[in-house]
Amino acid sequence: MATAGGLFGHVGEFNSERETFKSYVERMEMFFTANNVVETPGEANQIVSDRERAIFLTEIGPDVYSTLSNLLVPAKPKDTSLTNIVQALEKHFNPAPLEIAESFHFGTRSQKPGHIAYLFLIFTTPARHLQYENMFEDSYEGMKGFEAHITMKDGARPVFVKPRKVPYALKEAVEAELEKPERNGVIKKLRGQSGQVQ
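So the number in my numbering is just where the residue sits in the sequence shown, counting from 1, plus 932.
#1: Measure the CB-CB distance between Glu991 and Val980 and report whether it falls below 7 Å.
#2: For Phe1036, which residues from the same chain have a beta carbon less than 6 Å from its beta carbon, with the 5 sequence-adjacent residues on both sides left out?
#3: Please report the straight-line C-alpha distance between Ser998 and Leu1021, rounded to a whole angstrom.
#4: Using the C-alpha atoms, what's the distance from His1081 back to Lys1121?
#5: Between which two residues does the alpha helix (DSSP H) carrying Glu961 extend?
#6: Is it buried or exposed, Glu1109, if we count other Cβ atoms within 10 angstroms and call 16 or more buried?
#7: With a threshold of 8 Å, are at least 3 pairs of Cβ atoms found where one atom belongs to the segment 941-950 and the other to the segment 958-970?
#8: Roughly how many angstroms lie between the CA atoms of Lys1008 and Arg1096, to the nearest whole one?
#9: Determine the direct distance from the alpha carbon of Pro1027 to that of Asn977, and round the result to whole angstroms.
#10: Quick check on the DSSP output: the alpha helix (DSSP H) that includes Tyr997 runs from which residue to which?
#11: Measuring alpha carbon to alpha carbon, tell me which of Phe946, Phe963, Ala1088 and Val1118 ends up nearest Phe1025.
#12: In terms of residue numbering, what span does the alpha helix (DSSP H) encompassing Phe988 cover?
#13: Compare the C-alpha of Glu961 against each of Met1084, Phe988 and Thr952 and name the closest.
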């Protein structure tokens, strides 16, 4: 169905609670394609670029437009290329994670019984945050002399739980990760344990 402006449909305002900005930009690109607002050889591409920018600035909504205006000061959105507009908003809505914040987030997460910190980090960290994978490198200087105490409820009885099986493809990696804290005296093998990951 064509709108009053001669375009088919509309994308609507960006709402960060419903979608990522990247997703919004992808939908906007599809909107441009569906309405044949795309650069083609031989056509006046500056006119097409100006039209894409105008449609984008109209669709994003007043809140995001206000945010964009503040991000671009002293320039104005209408005088900025669509590429630069998208980059500014992407940087605002999807900032690169701070290493200290990621470290805090990991340090304060709820560790379930039986979770090994190293494996938790490896298997639950989103790929975009893997630049922090060396956060638990083979160094424990800050932990020397620290003694942990486990407080239990009165009447609670410890229970032995059989270890979970580790997938065959991960056995070597798990064993290597478990050797690091053992070498540094953080953990130790229990008597009677084979030392092999099952």
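A virtual CB, placed ideally from N, CA and C, is assigned to each residue, including glycine.
This is what the structure holds:
#1: In the sequence shown, the residue the question calls residue 991 occupies position 59. In the sequence shown, the residue the question calls residue 980 occupies position 48. Going by C-beta atoms, Glu991 is not nearer than 7 Å to Val980.
#2: Reading the sequence shown from its first residue, position 104 is the one you call residue 1036. Excluding the 5 residues flanking it on each side, Phe1036 has no same chain C-beta neighbour closer than 6 Å.
#3: Residue mapping note: residue 998 aligns to position 66 of the sequence shown, counting from 1. Residue mapping note: residue 1021 aligns to position 89 of the sequence shown, counting from 1. So the two alpha carbons sit approximately 11 Å from each other.
#4: Within the sequence shown, the letter at position 189 stands for residue 1121. Within the sequence shown, the letter at position 149 stands for residue 1081. Using only the alpha carbons, I get a separation of about 19 Å.
#5: Position 29 of the sequence shown, counted from the first residue, corresponds to residue 961. That run of the alpha helix (DSSP H) goes Phe953 to Ala966.
#6: Indexing the sequence shown from 1 puts residue 1109 at position 177. Counting other Cβ atoms within 10 Å of its Cβ, Glu1109 reaches 16 or more and is therefore classed as buried.
#7: Judged by Cβ distances under 8 Å, the segment 941-950 makes contact with the segment 958-970, as three or more pairs qualify.
#8: Locating residue 1008 in the sequence shown gives position 76, where the first residue counts as 1. Locating residue 1096 in the sequence shown gives position 164, where the first residue counts as 1. Those two C-alpha atoms are separated by around 59 Å.
#9: Looking up residue 977 in the sequence shown gives position 45. Looking up residue 1027 in the sequence shown gives position 95. Those two C-alpha atoms are separated by around 31 Å.
#10: If you number the sequence shown from 1, residue 997 lands on position 65. Taken as a continuous stretch (DSSP letters only), the alpha helix (DSSP H) holding Tyr997 covers Pro994 to Leu1004.
#11: Along the sequence shown, one-based indexing puts residue 1025 at 93. The option with the nearest alpha carbon to Phe1025 is Phe946.
#12: The sequence position of residue 988 within the sequence shown is 56, counting from 1. Start and end: Asn977 to Glu991.
#13: Translated into the one-based positions of the sequence shown, residue 961 becomes position 29. Ranking the options by Cα distance to Glu961, first place goes to Phe988.
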